[in-house]
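Note that the protein sequences, when read in sequence, are chains L and A. If you're matching positions, the first sequence starts at 1 in the UniProt record's numbering and goes up one per residue. If you're matching positions, the second sequence starts at 1 in the UniProt record's numbering and goes up one per residue. C-beta atoms are modelled at their ideal positions from N, C-alpha and C, and glycine is treated no differently. Scroll down for the structure; my scribbles are underneath it.
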Amino acid sequence: MGLLSDPNRRQALINLLTRLNAPICFVCYFAGVAWFMGLAFEPFTLRTYMSENAMGSTMVEERFPAGERALATGREFAAHKKKVGGMPVDWLVKTMQARGLEVFTQSFSRTLPFPDENTERYVVKGTNVYGILRAPRAPRTEALVLSAPCTPGDNNNQAVGLLLGLAHYFRNQVYWAKDIIFLVNEHDLIGMQAWLEGYHHTNVTGMDWSPLQGRGGSIQAALSLELSSDVVTSLDIVLEGLNGQLPNLDLANLFYAFCQKIGVLCTIQGKLQRSDWDSASGYNHAVQTMMLMVMKQASGRPWGDHGLFLRYHIEAATVKGVNSFRHYKTDATTIGRLLEGMYRKLNNLLERLHQSYFFYLLPSLSHFVSIGYYMPAFGLLAVILLLRSNPGVLSVLTPLVISHLTGAALYMLPVRFQEVAVEHFPVSETEAVVLTAIAVYTAGLALPHNTHRLLSGEGTEMGWRVLKLVALLYLAVLLGCTAVINFSLGFILALTLVPAAAYVTPHVPKALSAFFLVALSPACTLLFSVFFFQELQEMPVSFQDGWLLYLSVIAQGMLDHYLYGSLVFPLVALLVYPCWLLFWNILFWK
Amino acid sequence: MAAHRCRYLACLLLLFLSVILVTMSQETTLGHEQHATAVDDPQTGAETKQTAEKPTVEEKRWEETKVKATTQASDTAVLSKTQVNEDFQEELVIRPLHSGDIYASFQFRTVWETDFMKGNKVSHYRLFPKSLGQVISKFSVRELHISFTQGYWRTMQWGQPFIPSPPGAELWVWFQDSVTDVDATWKELTNVLSGIFCASLNFIDSTNTLQPSASFKPLGIGNETDHRFLRYATLPREIVCTENLTPWKKLLPCGSKAGLAVLLKSEKLFHSSFHSQSVHIRPVCQDRQCKSSSWELRQALNVVFDLHTSGQSKREWSLFKMFSRTLTEACPLASSSKIYIDVTDNPQEEQFELSPATPLLSQAVVLGDRRTFSVYDLTQQVTFGTVRSLNLMIRWKSSEGDMLRPLLHAERYVTGYGLQTGEIHTLMYNNHPFRSFPVLLLDSVPWYLRLYIHTLKVISKGKDNNPSYIHYQPSKDRERPHLLEMLLQLPPHSVTEVTVQFERALLKWTEYTPDPNHGFYVGSSVISSLVPSTVAMETNITMEQPLFSSFFPCKEESSYFARVYTEPLLVNLPTPDFSMPYNVICLTCTVVAVGYGSLYNLLTRSFQVEEPNPGLAKRIANVIRRMRGVPPL
């Protein structure tokens with residue numbers, strides 16, 4: 001205790017920290033990065049295990065026999081889909097009714113804030129069809145959901161077929177204790193959002209939907225099925241949801257356990273698990289898998305239809321069938337048995353899934369990194385901000401307000417001024433929005449000169465020190481909060497922003513530092529992330545394509561915010577970007 | 001043609017029997033009157049005399065069997081005088097549902113003309129179960145209704161049940177006005193009933209007991225409606241199983257040895273979509289004049305079998321398939337024992353085929369509709385045919401099953417997300433094309449959902465619907481639940497939506513159930529209503545009717561009483577991580593150790609001003625100066 005109460009020793013500690021400030025910061029930064037990279041190394045991680053007793057020890061038998069019939073139903077569905085030119089609502093209602101379900105429909109419509117060029121939609125109108133299997137002698141208090149999106153073209157027909165086949169088989173069983181809702185949603189995520197909002201009677205995103213007629217109580221878990229071929233080589237599980245939320249790890253464990261039991265190849269991030277962890281390529285593989293998860297989570301997008309369930313505290317995942325050129329194939333009956341097994345175990349749940357982790361990273365399906373292991377990596381980066389905040393407040397108010405106003409402009413202007421932009425420039429709406437955003441962003445770089453005009457006196461040495469102190473603390477709190485909610489996003493932002501924040505002073509070479517600072521700004525981080533992500537997916541792109549991809553990613557990010565309530569765009573525009581502007585200000589302090 | 005001729009014959013036979021009946025019934029009523037004067041029941045004075053109506057042909061059919069039964073009974077056994085005052089009837093109604101499912105409803109009624117009250121020690125029991133008789137006299141119970149239900153009645157597919165009940169256990173009791181401490185008696189009564197029915201009724205305490213002011217009126221005779229003597233409680237989480245069925249069966253005079261009760265085999269009854277069993281005790285009028293009252297014990301069991309899970313490909317039902325038993329005899333103690341099959345929608349056998357066929361048809365007004373039933377009388381040997389066993393078969397011909405549109409139905413759900421606030425929506429549908437009707441909504445919400453009553457909104461057809469009567473009793477934490485009763489008028493062909501917001505309370509950590517992440521149950525809302533009837537209802541309560549149509553007394557011809565229960569709710573409350581106490585202890589210990597340690601160190605340390613240590617040169621200089629006698633530096 002002498003360390004804290006003895007003024008001499010305390011002074012010695014402070015002296016040490018001040019004297020070795022720069023080396024300690026360097027050490028912290030590299031230790032943080034090294035720690036993070038170490039997370040993918042198998043001996044440092046834990047094996048996954050089923051925490052939930054209700055799903056662990058109980059045995060279930062999988063007997064689903066009718067895979068071929070399900071595929072036939074899928075073909076029938078495809079034919080009707082082609083005939084109607086969209087969702088065959090009447091056929092689905094009739095088929096579900098014939099299988100003994102209570103069937104309901106929900107119609108919805110939504111006009112997007114600006115046209116989405118990737119999926120070519122602007123005014124979306126659709127219908128969701130869902131059938132409820134009422135569990136015998138259950139009072140409609142709990143439900144499970146199995147959903148399959150009805151996508152245009154030839155995609156996903158097998159998923160709908162398998163869903164109907166499972167509905168038929170499940171209906172004839174007596175052991176259900178929870179209602180099971182079979183949902184076919186149109187316009188994938190928009191339909192899912194409409195259904196979930198209708199089910200919970202909330203309106204988060206201003207969508208028009210007709211109220212639901214039938215419900216099954218509180219939903220305990222959900223799976224979304226994507227299947228576009230009659231046979232698959234492997235099944236992929238997608239966990240990343242809206243705002244980087246993840247389902248309980250037990251859901252992934254359940255999937256993994258059944259894949260092992262039935263003998264289906266299972267992947268995560270499309271990557272098979274490798275046993276040679278001690279070789280360099282094995283480690284590299286694990287790093288790639290984990291980095292893909294980090295990138296996807298950091299994007300805050302829902303990476304499958306399941307992603308929207310997580311807001312409602314419903315554990316959900318998407319199961320995707322992958323058909324590659326591998327020799328070993330799995331047929332629909334086996335996938336049906338796998339899903340049957342999973343639903344029977346979920347049916348056994350006495351409580352919601354809560355035993356296992358909600359915050360984790362997966363370097364492979366059999367190993368996981370819990371929050372206790374990955375947080376130190378972030379902590380090592382964040383501590384630099386505290387170390388650099390040397391002591392030195394009215395003068396900082398002006399830059400603070402101005403940079404936040406710029407952030408607000410970045411958040412509001414693009415969508416508001418799309419019409420004006422389209423009138424005056426030869427661009428489409430989507431381009432207008434994205435280019436306005438980039439323009440506002442770039443305009444912010446001219447800020448220091450304008451700030452100084454508004455400042456009363458000359459900028460002093462003390463002035464920039466105080467500003468830097470405030471900016472560093474601001475960044476530390478901001479990143480800390482982000483990392484708690486969405487570790488990946490927090491970590492990636494910390495990785496780029498922390499060096500810039502730690503390094504910048506008015507006394508460094510201006511041109512070089514400016515370049516350095518711009519390269520580490522949030523927009524450039526996003527640009528690098530796009531290239532890195534493509535690299536990880538083993539689909540490298542040229543700079544030209546990358547740039548186009550970058551523009552579409554910005555548009556998608558904004559759409560995600562307006563359609564599903566994703567928080568990444570407002571976070572970057574309203575908080576991260578203004579914070580970065582403060583450092584930009586410091587660099588050009590006079 | 002042959003069938004027609006048979007019918008004429010039957011009618012003639014009935015007419016003949018009715019002549020006998022009239023003479024007989026005169027005798028019996030005489031007997032009753034004598035008895036009534038001897039007992040001197042005060043209730044009868046209040047009752048108005050009703051003129052005897054001419055019995056129609058329909059009625060005579062019912063009474064005919066009764067006469068037969070009594071004569072049979074008197075032939076077979078020589079019993080004490082009480083026999084004439086005690087009567088047991090059993091009945092099974094089977095309603096084939098459009099979805100291919102089948103609804104079977106058993107009712108057993110014991111009527112006993114006795115007086116449990118006023119210190120009258122009743123010690124001789126014959127048909128009436130002694131355990132319940134003792135309960136009635138010990139706790140001065142005027143009316144007792146208890147039901148155990150597993151599953152939710154699907155009004156949209158199955159129509160209205162004969163006796164509605166909410167999922168879980170429901171108990172409501174009217175006490176005599178002689179009871180001084182109602183709460184204590186109620187507490188004791190629930191514990192005793194808990195033992196009798198092997199159920200967790202002992203979990204009924206003040207936090208889930210209500211005193212509804214209007215929704216639960218006494219169903220028997222008596223005009224005392226001071227709701228201080230009423231207690232109502234539900235346990236939505238109660239699981240019903242064999243352990244509850246066995247004691248229930250034991251209350252029957254024949255047990256499960258003979259009569260319809262042989263069908264009540266638990267392995268089949270619990271292999272169904274819906275299961276509900278109930279016991280109703282109430283005082284009823286003995287005769288039309290209601291000069292004397294008697295106690296009625298009605299035991300009802302409703303079950304719905306599911307076509308799909310029965311694992312059969314053909315749409316076909318039989319007694320054996322449903323209950324894995326066939327019938328061979330009526331309960332010898334029963335005065336009437338009948339099976340009714342609802343054939344209203346099947347006049348020409350175009351929907352389903354019924355075998356063996358029965359010539360006996362009957363009509364009854366039930367739930368506002370005139371229904372036709374095929375009747376099988378088990379007291380007659382003819383019913384069992386040559387094989388001496390009755391195995392009813394229903395073979396479906398058509399396979400269409402549409403959703404029904406019952407005149408009144410309701411649903412309820414919780415909306416919103418997150419664990420702070422939420423909203424309860426109760427939707428009530430009036431599907432009548434042109435008539436509006438009143439409903440009484442009773443909502444009981446546990447105290448840990450704190451209702452924001454100022455957010456209460458009632459909207460029908462987009463407009464505010466002002467309740468004409470509201471009774472709201474706010475909750476008290478850990479003492480009593482919220483009680484909200486409203487009288488609403490449902491406009492024709494409309495949906496009425498009642499919404500109220502609530503906040504989820506944070507419980508003390510010992511108050512959580514062992515499975516807190518499952519959620520907490522909120523019991524069903526009760527919607528009691530007078531629904532417009534399509535045919536004139538029978539208002540004469542003492543008239544002989546089949547048991548299923550005589551449960552709710554009917555006051556006026558134009559409407560019938562219906563009670564609808566909504567689904568219970570499962571609400572998640574903010575739940576702490578229960579390993580947290582350990583973490584908190586660790587953390588606080590560390591903080592205290594570090595903080596307190598430093599502070600203690602600072603407080604107890606004795607500070608001294610340290611003499612700066614002079615350098616070596618200075619010390620040497622001082623030694624020299626001291627030797628010279630000069631003061632040191």
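Item, Value
"Nearest chain L C-beta to A/D181 closer than 8 Å, yes or no?", "no"
"How about A/A199 and A/A233: do their beta carbons lie closer than 8 Å?", "no"
"Is it a yes or a no for the stretch 149-156 of chain A touching the stretch 179-186 of chain A, going by three-plus beta-carbon pairs under 8 Å?", "no"
"Apply the 10 Å Cβ neighbour rule to L/M96 and answer buried if 16 or more other Cβ atoms are within range, or exposed otherwise.", "buried"
"Going along chain L in order, which residues have a C-beta closer than 7 Å to the C-beta of A/P167?", "P139"
"Compare the C-beta of L/Y411 with all C-beta atoms of chain A and state if any pair is closer than 8 Å.", "no"
"Give a yes or no on contact between the stretch 62-82 of chain L and the stretch 324-339 of chain L, applying the rule of three or more CB pairs nearer than 8 Å.", "yes"
"Find the residues of chain A that neighbour L/E351, judging by a C-beta separation of less than 7 Å, and give them in chain order.", "D515, N517, H518"
"Give me, in chain order, the residues of the same chain whose beta-carbon lies closer than 8 Å to that of A/T190; leave out the 5 immediate sequence neighbours on both sides.", "L171, L201, N202, I204, A233"
"Flag A/C567 as yes if its beta-carbon sits less than 8 Å from any beta-carbon of chain L, otherwise no.", "The question names Cys, but residue 567 of chain A is Glu in the sequence shown. So yes, A/E567 belongs to the interface."
"Quick one: list the residues of chain A neighbouring L/C202, beta-carbon separation under 8 Å, in chain order.", "It should be pointed out that residue 202 of chain L corresponds to Thr in this sequence rather than to Cys. Per Cβ cutoff of 8 Å: T415, G416, Y417."
"So with Cβ pairs under 8 Å, would you call L/E538 a contact of chain A?", "no"
"Taking the beta carbon of A/G595 as the centre, do at least 16 other beta carbons fall within 10 Å, making it buried, or is it exposed?", "exposed"
"Does any CB atom of chain L fall closer than 8 Å to the CB of A/Y152?", "yes"
"Relative to the C-alpha of A/S194, which residue among A/P247, A/R282, A/P283 is closest?", "A/P247"
"Excluding five sequence neighbours on each side, which residues of the same chain lie with their C-beta closer than 6 Å to the C-beta of L/W277?", "E42"
"Strictly under 8 Å for the Cβ-Cβ distance: is L/P136 near chain A by that measure?", "yes"
"L/T318 and L/E226: beta carbons closer than 8 Å?", "yes"
"In the stretch 430-478 of chain A, which residue ranges form an unbroken beta strand (DSSP E) of at least 3 residues, counting only runs that do not cross its ends?", "437-445, 449-460, 469-473"
"To the nearest angstrom, how far is it from the Cα of A/L327 to the Cα of A/I339?", "11 Å"
"Roughly how many whole angstroms lie between the Cα atoms of L/T525 and L/G300?", "15 Å"
"Can you tell me whether DSSP reads A/F106 as helix, strand or coil?", "strand"
"Tell me where the alpha helix (DSSP H) around L/Q297 begins and ends.", "280-299"
"Since L/F104 sits in a beta bridge, which residues does DSSP pair it with?", "L/Y130"
"Give me the DSSP bridge partner(s) of L/I219.", "L/A143"
"Would you verify that the beta carbon of A/D443 is, or is not, closer than 8 Å to some beta carbon of chain L?", "no"
"From L/F516 to L/R140, what does the alpha carbon distance come to, in whole angstroms?", "59 Å"
"Take the Cβ of A/F274 as the centre, count every other Cβ of all protein chains shown within 10 Å, and call the residue buried at 16 or more, exposed below.", "buried"
"Would L/M87 and L/C150 qualify as a contact pair, given that the criterion is a beta-carbon distance under 8 Å?", "yes"
"Pick out whichever of A/S598, A/R388, A/T534, A/L547 has its Cα sitting closest to the Cα of A/T556.", "The sequence given here has Glu at residue 556 of chain A, not Thr. Comparing Cα-Cα distances from A/E556 to each of A/S598, A/R388, A/T534, A/L547, the minimum goes to A/T534."
"Where does L/L13 land, buried or exposed, given buried means 16+ other C-beta within 10 angstroms?", "exposed"
"Would you kindly work out how many angstroms separate the C-alpha atoms of A/L97 and A/S318, rounded to a whole number?", "14 Å"
"Alpha helix (DSSP H) containing L/I371: first to last residue?", "371-388"
"When you compare the CB of A/S25 with every CB in chain L, is at least one pair closer than 8 Å?", "Because A/S25 carries a pLDDT of 43, less than 50, the predicted location of this residue cannot be relied on, and the following value inherits that uncertainty. Not one chain L Cβ lies under 8 Å of A/S25."
"Short of 8 Å Cβ to Cβ, which residues in the stretch 159-174 of chain L face chain A?", "R171, N172, Q173, V174"
"Using beta-carbon positions only, say whether L/L196 and L/L308 come within less than 8 Å of one another.", "yes"
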